[in-house]
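Asks:
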Amino acid sequence: MLLDTKTMLQNAQKNGYAVAAFNVYSLETVQAAIAAAEATGSPVIIALGERYVPTVDIDGFAEMVKGLARKSSVPVSLHLDHAYEKETIIRAIRAGFNSVMYDGSKHDLENNIRYTKEIVEIAHLAGVSVEAEIGSMARGAFSDEEEGTGSLTDPKLAEEFVKATGVDFLAAAIGTVHGMYQGEPNIDLELLQDIIKRVDIPLVLHGGSGTPHETILKTINSGICKINVNTEVSIAAVKHLKSLLANEDTMHLSVVMESIQSEIQPVMEGFINLFANNK
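Here the sequence shown is numbered in the working numbering, starting from 4 and rising by one per residue.
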């Protein structure tokens, strides 16, 4: 079933678990994510990053996901991830996305508030919820995200930002990275606690890949309601593809893609089960 992201995350916030948001870019990655959710009996967020829009038709993609979601036995929402351009966000809203993320983290606080507030006003008119970010995550290994400054979220500024913009959920920078860590992760759980004391909307953790499981559980128990995953799924698929092609001279593309879907679904199930926090 297709469910709006805000309701999905409010349920998670109330019941002490987090919803997995998987970055996807093809039919097989979408089908794997929904199949993983169905196998675990959990909701899932299908996230398309703005950086994939040049190669993934946003309207056709939305229709595909909505069609699969309607047949699903579990709640599925469609989310636009890390969008920097208003035009992309408007396209996603028109295409029927349930939520959008405006990433204004490269701007100073005043402009981040101003631009985010504009997006919120547009999206809310269409019944679409908005995620935003304050602070900026660094880019780790094997990531295709833009490089961030790594500046952590200031709890006081987060409170000001949420009140001024009216966003529905907030991505907090607490030391995770996009991609895999280069060195030991340094996640500031005390900072997360300070943010939660000041912000009552659902909080989002970007950078689920490579983060120690015990740390992830601590963030969920502190109040994180949505966790983004991309790189670990990608690594699993690429490793499998290398192994597959190393042992086969010729394979049909349909077989390759089916094999990749079968390989990444258990990886996704692992994350969903972890984030469920024994709910």
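C-beta atoms are modelled at their ideal positions from N, C-alpha and C, and glycine is treated no differently.
1. Cα-Cα, which of Ser262, Glu31 and Thr234 is closest to leucine 247?
2. Could you tell me which of Ala167, Ala95 and Ala161 sits nearest to glutamate 121, measuring between CA atoms?
3. Buried or exposed: proline 57, going by 16 or more other Cβ atoms within 10 Å of its Cβ?
4. Since serine 102 and serine 132 are thought to touch, with beta carbons under 8 Å apart, how far apart are those beta carbons, to the nearest angstrom?
5. Check for me: the beta strand (DSSP E) holding phenylalanine 172 runs from which residue to which?
6. Quick one: using the 10 Å Cβ neighbour count with 16 as the cut-off for buried, is glycine 44 buried or exposed?
7. Using a threshold of 7 Å, state whether the C-beta atoms of lysine 229 and valine 22 are closer than that.
8. Measure the alpha-carbon distance for methionine 67 versus glycine 52 and round it to whole angstroms.
9. Just checking my contact of methionine 96 with alanine 126 at CB under 8 Å: how many whole Å lie between their CB atoms?
10. Looking at the secondary structure, which residues open and close the beta strand (DSSP E) in which serine 132 lies?
11. Reducing DSSP to helix, strand and coil, say where aspartate 62 ends up.
12. Since alanine 38 and glutamine 268 should fall inside the 8 Å C-beta cutoff, what is the C-beta to C-beta distance between them, to a whole number of angstroms?
13. Buried or exposed, going by whether 16 or more other CB atoms sit within 10 Å of the CB of threonine 119?
14. Along the chain, where does the alpha helix (DSSP H) containing histidine 127 start, and where does it finish?
15. Nearest CA to the CA of leucine 160: which residue from Gly70, Ile227 and Leu112?
16. Beta carbon of isoleucine 190, beta carbon of isoleucine 177: below 7 Å?
17. So which of Arg54, Val33 and His82 has the shortest CA-CA distance to leucine 6?
Replies: Inspection of the coordinates gives the following:
1. Checking every option, the nearest Cα to that of leucine 247 belongs to Ser262.
2. Closest option to glutamate 121, Cα to Cα, is Ala167.
3. Exposed.
4. Rounded, the Cβ-Cβ distance is 4 Å, consistent with contact.
5. From DSSP, the beta strand (DSSP E) with phenylalanine 172 extends over 172–175.
6. Glycine 44 should be labelled exposed.
7. Closer than 7 Å, so yes.
8. Going from the Cα of methionine 67 to the Cα of glycine 52 covers about 16 Å.
9. Inspection of the sequence shows that residue 96 is occupied by isoleucine rather than by methionine. About 6 Å separates the two Cβ atoms, so the contact holds.
10. 132–137 is the span of the beta strand (DSSP E), which, as asked, contains serine 132.
11. Of the three classes helix, strand and coil, the one that applies to aspartate 62 here is helix, per DSSP.
12. Alanine 38 to glutamine 268, Cβ: 5 Å. Contact.
13. Under a 10 Å Cβ-count criterion, threonine 119 is classified as buried, with 16 or more other Cβ atoms of the shown protein chains found around its own Cβ.
14. Looking at the DSSP string, the run of the alpha helix (DSSP H) that includes histidine 127 is 112–128.
15. Measuring from the Cα of leucine 160, the nearest candidate turns out to be Leu112.
16. At a Cβ-Cβ threshold of 7 Å, isoleucine 190 and isoleucine 177 count as neighbours.
17. For leucine 6, the closest alpha carbon among the candidates Arg54, Val33 and His82 is that of His82.
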